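Report on the structure given below.
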Amino acid sequence: QKEVEQNSGPLSVPEGAIASLNCTYSDRGSQSFFWYRQYSGKSPELIMFIYSNGDKEDGRFTAQLNKASQYVSLLIRDSQPSDSATYLCAVIRNNDMRFGAGTRLTVKP
Amino acid sequence: DAGITQSPRHKVTETGTPVTLRCHQTENHRYMYWYRQDPGHGLRLIHYSYGVKDTDKGEVSDGYSVSRSKTEDFLLTLESATSSQTSVYFCAISDTRGTDTQYFGPGTRLTVL
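Protein chains in written order, with this note's numbering: chain A, 27 to 135; chain B, 3 to 115.
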């Protein structure tokens, strides 16, 4: 079992829809959770981080954390073609950041 | 890219040759990291540094060495490159470790023939 698992996709949604990206992690001791966006050929850039159970909103993005279920998700509202990218989930465990392999999102005009 | 540069950006080399990749930061962050990114594996930590001359191994350190002689520079060396080390290499920085966001450099695409 991988430490951080994501559905590789591709996930395709129409413009204006809500995109839902999911991530599960194996270690209950994981402390901090991050979502990065990576455009093709570019470096990962931070979208959001979340430390506590519940929802955290930033503009069109909402991160959701459920530590009991070891599950973190990212919702993108009003999806735009510019949101088309690979989304990486990252989890800090024992001071090391562990990454999922990423979910590729395509937003179709 | 948060004041992080990597050089070279692209490199093609042959099996058995030594290769050094450089990461330079202008943010004065204490922690610096080297990752490799391969399809299906995501980003995997090779080595990290927590100060000048202070380094430690990551998840996939075999075949790699690092050095940090100045706060702003972190070097990754492949002593004798192999085809399995063909990858995209990212440097990252953070102010603390364990809770802090990591910021990534632009990456180096390395091909070992």
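All C-beta atoms in this analysis are idealised placements derived from N, C-alpha and C, irrespective of residue type, glycine included.
Here the structure is a predicted model, which is why all the values come from computation and not from measurement.
Does the distance from the C-beta atom of residue i to that of residue j stay below 9 Å?
{"i": "G55(A)", "j": "R124(A)", "result": "no"}
{"i": "V68(B)", "j": "H43(B)", "result": "no"}
Check each candidate in the options and name the one with the smallest Cα separation from residue i.
{"i": "T7(B)", "options": "C93(B), T113(B), L112(B) and K55(B)", "result": "C93(B)"}
{"i": "L131(A)", "options": "R63(A), K68(A) and S69(A)", "result": "R63(A)"}
{"i": "F106(B)", "options": "R38(B), L112(B), T19(B) and V114(B)", "result": "R38(B)"}
{"i": "D84(A)", "options": "P135(A), W61(A) and S110(A)", "result": "W61(A)"}
{"i": "D109(A)", "options": "G126(A), E29(A), T50(A) and L37(A)", "result": "L37(A)"}
{"i": "G126(A)", "options": "D40(B), K72(B) and Y91(B)", "result": "D40(B)"}
How should residue i be labelled, buried or exposed, when 16 other C-beta atoms within 10 angstroms of its C-beta is the threshold for buried?
{"i": "Q27(B)", "result": "buried"}
Tell me, please, whether the CB atom of residue i is closer than 9 Å to any CB atom in chain A?
{"i": "Y105(B)", "result": "yes"}
Please state the DSSP three-state secondary structure of residue i.
{"i": "D56(B)", "result": "strand"}
{"i": "P107(A)", "result": "helix"}
{"i": "S2(A)", "result": "With chain A represented from 27 up to 135, any question about residue 2(A) goes unanswered, as that position is not in the structure."}
{"i": "S69(B)", "result": "strand"}
{"i": "S86(B)", "result": "helix"}
{"i": "Q104(B)", "result": "coil"}
{"i": "T28(B)", "result": "coil"}
{"i": "A45(A)", "result": "strand"}
Measure from the C-beta of residue i to each C-beta in chain B and report whether the shortest distance is under 9 Å.
{"i": "Q96(A)", "result": "no"}
{"i": "P70(A)", "result": "yes"}
{"i": "I102(A)", "result": "no"}
{"i": "Q84(A)", "result": "Looking at the sequence itself, residue 84(A) is Asp, so the reference to Gln does not match. Chain B contact via Cβ: absent."}
{"i": "S52(A)", "result": "no"}
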